[in-house]
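Worksheet: the structure to be examined is printed underneath.
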Amino acid sequence: MSQLILACLISISVGCALSPAIAEITMPTPPTPPTPPSIVNARPTADRQSDPVSPSLTIVRIDSLSNAIAELEDRLHALKEERTELEKKLSPASRNDRVYSQDEVETRAIAVRRQMPVLPESTYLEVQFVVSPSGKTQEIRLLSGPTQNLAEIERTVETWLYSPAIREGRRVPVRITASLRISER
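Just add 8 to the spot in the sequence shown (first one is 1) and you have the numbering used here.
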């Protein structure tokens, strides 16, 4: 049996050697490249309508945009003043002077800049304050901690900046109680 397999292999290899496959590959001639563009000296024309500008494009001067922006800012300022006047005329029940807790808002107030007070000794503080809709701290109260450093604590907490809390798509004031552990420096 092994002799039969060997005989078959020899006949296959001899057969391949007797009839080699020949293929010829030719590449097509590439097309001729286009002529390069030439530089033409164009004279300035007095007629601006002959410029190749699409009729759908409008060229606007920057100073007219600045004027439009200034007008919009003035209008916005007037609308804010009008809103303030209208809010003053509202009854106290309809004004939104409420201060929310962090659990009552969709987006909590988050500290953006917060520096710890510098105190002479290590201590534990508990401070309560309101984050305004602008993100500033106000109504600062020391709930627990050394009262002899109250002025320094209040001064430091006043510098804190928060991203404001959001409720129903509006920035609202929120009351926060912060527990701080101050280490000696």
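Beta carbons are placed, not taken as given, at the ideal position from N, Cα and C, and that holds for glycine. Owing to the predicted nature of the structure, the values given are computational and were not obtained by experimental measurement.
- The DSSP-derived three-state label of T131 is strand.
- Using a C-beta cut-off of 8 Å, the region 147 to 156 makes no contact with the region 76 to 84, since fewer than three inter-stretch Cβ pairs fall below that distance.
- Along the length of the region 114 to 168, whole beta strand (DSSP E) runs at least 3 residues long occupy 118 to 121, 131 to 139 and 145 to 152, reported in chain order.
- The Cβ atoms of R189 and Y132 sit closer than 8 Å to each other.
- For T185, the beta-bridge partners assigned by DSSP are Q136.
- In the three-state DSSP reduction, I77 falls in the helix class (H, G or I).
- The continuous stretches of beta strand (DSSP E) do not include V107, and DSSP gives it neither H nor E.
- Between Q146 and V138, the CB-CB gap stays under 8 Å.
- Counting the other CB atoms within 10 Å of its CB gives S140 a total of 16 or more, which places it among the buried residues.
- One thing to note: V113 has its Cβ within 8 Å of the Cβ of R175.
- Exposed is the label assigned to T37, since fewer than 16 other Cβ atoms lie within 10 Å of its Cβ.
- Excluding the 5 residues flanking it on each side, R179 has same chain C-beta neighbours closer than 6 Å at P141 and P172, in chain order.
- A straight-line Cα-Cα distance of about 11 Å links A119 and A186.
- Beta-bridge partners of A173 (DSSP): V180.
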